[in-house]
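Everything below concerns the one structure shown next.
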Amino acid sequence: MTAVLDLAPVIPVVVLEDAADAVPLARALVAGGLPAIEVTLRTPAAPYAIRAIADEVPDAVVGAGTVLSAADVDTAVTAGSRFLVSPGWTDRLLAAMTASGVPFLPGVSTASEVVALLERGISGMKFFPAEAAGGTSYLKSLCSPLPQARFCPTGGIGAESARTYLALPNVGCVGGTWMLPREALLARDWARVERLAREAAALRG
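Going by our numbering, 463 is the number at position 190 of the sequence shown; the sequence numbering is gapless.
Right, here's the structure in full:
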């Protein structure tokens, strides 16, 4: 699971309404230095978008986000997801993600949830919703008592705050959407997406 945290400093969190946009968007992100792409299962287009990226953008490492159930795990893996991300976890969901054989980042927002995952041998986690759950100060406070835990904070993070998160020793990467402004997506301005991705990739340099 920790390998997902080391793919890039930033994982773009993508919500796609039209699967036709998946390939050019993924190519722009990869060209900008962000190969790990989380496509959230929030729209009917998501599985088709994941499949298109998996088939047509070989340099991308496409994953599925907002994984909430065993059925979501099956959908994501069948579509070609190479990693899974959930906003939280239950024993049933954790069992399904483990059985999939695909790396995953279960979501946590409390120290107790972190300890529970460590007990199960899982050290790579999503910290969500990052800003609302305490932000960098909370994660920093977990470093000493829980040094084996590593996180991908997601939720409310922008270009400026991302740099602060990435400076923490227990943060492998961050998730965000700031390199995917709505106006750029609506205009299919892939050049702008690539430029913003390049800036995000340089945050940890």
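Here a beta-carbon is modelled for each residue, glycine too, at the ideal position from N, C-alpha and C.
Restricting to Cα atoms, I'd like to know which of the options is closest to residue i.
{"i": "A344", "options": "P320, P285, R324", "result": "P320"}
{"i": "A406", "options": "S417, G445, G353, P426", "result": "P426"}
{"i": "V375", "options": "E386, A276, F356, L459", "result": "F356"}
{"i": "L415", "options": "G429, F400, G428", "result": "F400"}
{"i": "A470", "options": "A460, W451, R461", "result": "W451"}
{"i": "G449", "options": "L302, L390, L341, A384", "result": "L302"}
{"i": "A309", "options": "G380, P285, F377, G394", "result": "P285"}
{"i": "S417", "options": "A389, A432, A384", "result": "A384"}
{"i": "R324", "options": "S354, P317, P297, L341", "result": "S354"}
{"i": "R455", "options": "R465, C446, V447", "result": "R465"}
{"i": "P317", "options": "T339, A460, A457", "result": "T339"}
{"i": "V447", "options": "V330, T371, P402", "result": "P402"}
{"i": "Y411", "options": "S382, A432, G394", "result": "S382"}
For residue i, which residues in the same chain have their Cβ closer than 6 angstroms to its Cβ, ignoring the five residues on either side in sequence?
{"i": "I326", "result": "A295, A299, A333, V335"}
{"i": "L419", "result": "V387"}
Ordered along the chain, which non-local residues of its own chain (more than five positions away) have a Cβ less than 7 angstroms from that of residue i?
{"i": "R477", "result": "P282, L439"}
{"i": "T369", "result": "Here residue 369 turns out to be Ala, not Thr, going by the sequence shown. If we look at A369 and ignore the five residues flanking it on each side, its Cβ neighbours are A343, V346."}
{"i": "Q421", "result": "L391, S396"}
{"i": "K413", "result": "L441"}
{"i": "A457", "result": "R465, V466"}
May I ask you to report which of helix, strand or coil DSSP gives residue i?
{"i": "A325", "result": "helix"}
{"i": "T313", "result": "strand"}
{"i": "P285", "result": "strand"}
{"i": "V296", "result": "helix"}
{"i": "A337", "result": "strand"}
{"i": "L357", "result": "strand"}
{"i": "P320", "result": "helix"}
{"i": "L280", "result": "coil"}
{"i": "V350", "result": "helix"}
{"i": "V303", "result": "helix"}
{"i": "L366", "result": "helix"}
{"i": "A475", "result": "coil"}
{"i": "S373", "result": "helix"}
Looking only at its chain, what residues have a beta carbon closer than 8 angstroms to the beta carbon of residue i, apart from the 5 residues adjacent to it on each side?
{"i": "T225", "result": "The structure shown does not extend to residue 225, since the chain spans only 274 to 478, so no value can be given for it."}
{"i": "E404", "result": "G428, G429, I430, S434"}
{"i": "A322", "result": "V287, L289, A292, D294, A295, V312"}
{"i": "L307", "result": "A281, V283, I284, P285, M452, A470, A473, A474"}
{"i": "T348", "result": "L314, P320, A337"}
{"i": "V330", "result": "V296, A299, R300, V303"}
{"i": "L366", "result": "V340, L341, S342, A343, V346, S359, P379"}
Under a Cβ-count criterion, where at least 16 other Cβ atoms within 10 Å of its own Cβ denotes burial, should residue i be classed as buried or exposed?
{"i": "E467", "result": "buried"}
{"i": "L278", "result": "buried"}
{"i": "G361", "result": "exposed"}
{"i": "L423", "result": "The sequence as given places Arg at residue 423; Leu does not occur at that position. By the neighbour-count rule (16 or more Cβ atoms within 10 Å), R423 is buried."}
{"i": "T363", "result": "exposed"}
{"i": "P379", "result": "buried"}
{"i": "A352", "result": "buried"}
{"i": "L459", "result": "exposed"}
{"i": "G445", "result": "buried"}
In chain order, what are the residue ranges of uninterrupted alpha helix (DSSP H) at least 4 long that sit wholly in the stretch 376-430?
384-392, 408-415
Please give me, in chain order, every unbroken run of the alpha helix (DSSP H) with length at least 4 that falls completely inside the stretch 432-472.
432-439, 455-460
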